[in-house]
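Numbering (the numbering used here), first residue to last: 107 to 435.
Following this line, the structure appears as structure tokens:
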């Protein structure tokens, strides 16, 4: 599939020949798996010795693993890599500013319940509150471990939540146990039982909990005490391991071109940029360069890679801030 799907010059030529640009190639696009799917890229992740030690410590202590590091260093990918490694289910919560502890546990649709409970019902019929409960990531993970299958819970970017959120989830994570007061079911004696406790069965191991943070906000001390901590530092080794793991996705580039591109990437990071490119940007850049490379254009691409930083090909994939672009130029 050609790289230049949007080509105004080709469109003008088509108009001159009274023809139209067909959209079929546009519909055949496929995004690179390493950039769009953590699950697809899980097998390519390379864990450092320090990260491996931190994972094993967290497993041994049955404690959450808190991962920090600048965006693009692969914090989220760790959870998906572990799920791939053991072939176990992963249940994730993408934390936002509005996220509460309830989102980790369960959600009760109060509006839908109120609508149905106040609607027409058969004599003696009672509205079943259980069907308005949506199980959250921790509940789903506890169901899995109680069935005998380990599970992973991912809390992604916890620092985006309100300040009280980490402390609000401490007890549920520590004890693998929480109450669901909205639960309503018939007991063994036929009487209605209101409320339910979701908990881990005795003798079973708790879910594996992976928590990521971009360090935008300091987390409470009580929360930090219960975690095993690891900071994923941005190093040359981290980058080169990632490039080697994803090499097949930019196979059209020669080794010399990849080496030169990586060198220019590190040179960019030495500049005082507001938003330094990270591993994710580098992989995306290499994939774009490979899509344009051919025996006819290889010499030109290598020449452009060796030029000034502001003239690097497809610079917009690497640099995401207008002031940074201005500074480079």
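For each residue, glycine too, the CB sits at the ideal point set by N, CA and C.
Cβ neighbour criterion (16 or more within 10 Å) applied to residue i
| i | result |
| --- | --- |
| residue 254 | exposed |
| residue 185 | buried |
| residue 179 | buried |
| residue 428 | exposed |
| residue 126 | exposed |
| residue 117 | exposed |
| residue 114 | exposed |
| residue 205 | buried |
| residue 402 | exposed |
| residue 370 | buried |
| residue 129 | exposed |
| residue 134 | exposed |
| residue 166 | exposed |
| residue 111 | exposed |
| residue 237 | exposed |
| residue 385 | buried |
| residue 159 | exposed |
| residue 270 | exposed |
| residue 217 | exposed |
| residue 362 | exposed |
| residue 150 | buried |
Spatial neighbours of residue i in its chain, beta-carbon cut-off 6 Å, leaving aside the 5 residues before and after
| i | result |
| --- | --- |
| residue 426 | 381 |
| residue 207 | 274 and 275 |
| residue 240 | 213 |
| residue 264 | 201, 317 and 319 |
| residue 267 | 201 and 205 |
Contact set for residue i: own chain, Cβ-Cβ below 7 Å, skip 5 residues either direction
| i | result |
| --- | --- |
| residue 280 | 332 |
| residue 288 | 214, 235 and 239 |
| residue 284 | 211, 278 and 304 |
| residue 324 | none |
| residue 374 | 383, 415 and 424 |
| residue 139 | 146 and 147 |
| residue 169 | 332, 333 and 334 |
| residue 177 | 320 and 384 |
Residues that residue i bridges to, as DSSP identifies them
| i | result |
| --- | --- |
| residue 337 | 174 |
| residue 241 | 212 |
| residue 305 | 283 |
| residue 260 | 198 and 316 |
| residue 300 | 290 |
8 Å CB neighbourhood of residue i in its chain, flanking five on each side removed
| i | result |
| --- | --- |
| residue 87 | Summary: the structure shown does not reach residue 87, with the chain confined to residues 107 through 435, and so no result is reported for it. |
| residue 256 | 192, 194, 250, 311, 313 and 314 |
| residue 343 | 154 |
| residue 108 | 131 |
| residue 258 | 185, 188, 189, 194, 195, 196, 197, 247, 313, 314, 315 and 316 |
| residue 364 | 349, 353, 356 and 392 |
| residue 174 | 181, 318, 319, 320, 321, 335, 336, 337 and 338 |
Limits of the unbroken beta strand (DSSP E) element including residue i
| i | result |
| --- | --- |
| residue 318 | 314 to 319 |
| residue 416 | From DSSP, residue 416 is part of no beta strand (DSSP E); its letter is neither H nor E. |
Integer-rounded CB distance, given that residue j should sit under 8 Å from residue i
| i | j | result |
| --- | --- | --- |
| residue 164 | residue 187 | Not confirmed; about 14 Å, so no contact. |
| residue 387 | residue 424 | 5 Å |
| residue 415 | residue 434 | 5 Å |
| residue 243 | residue 329 | That pair is no contact at about 17 Å. |
| residue 252 | residue 321 | Not a contact, Cβ separation roughly 35 Å. |
| residue 171 | residue 161 | 6 Å |
| residue 290 | residue 199 | That pair is no contact at about 26 Å. |
| residue 430 | residue 395 | At roughly 20 Å, the Cβ-Cβ gap does not stay under 8 Å, so residue 430 and residue 395 are not in contact. |
| residue 418 | residue 411 | 7 Å |
Range of the contiguous alpha helix (DSSP H) that encloses residue i
| i | result |
| --- | --- |
| residue 159 | 155 to 167 |
| residue 121 | 114 to 122 |
| residue 433 | 428 to 434 |
| residue 352 | Unbroken run through residue 352: none, as it is neither H nor E. |
| residue 425 | Counting along the chain, residue 425 falls outside any alpha helix (DSSP H), and DSSP gives it neither H nor E. |
| residue 131 | 130 to 133 |
| residue 329 | 327 to 331 |
| residue 152 | Here residue 152 belongs to no alpha helix (DSSP H), and DSSP marks it neither H nor E. |
| residue 274 | 271 to 274 |
| residue 109 | Note, residue 109: premise wrong, no alpha helix (DSSP H); not H, not E. |
| residue 385 | 385 to 398 |
| residue 189 | 181 to 192 |
| residue 322 | Taken as a continuous stretch (DSSP letters only), residue 322 belongs to no alpha helix (DSSP H), as it is neither H nor E. |
| residue 362 | 361 to 376 |
Cutoff 7 Å: residue i Cβ touching any chain D Cβ
| i | result |
| --- | --- |
| residue 206 | In the displayed structure, chain D is absent; only one protein chain is listed. |
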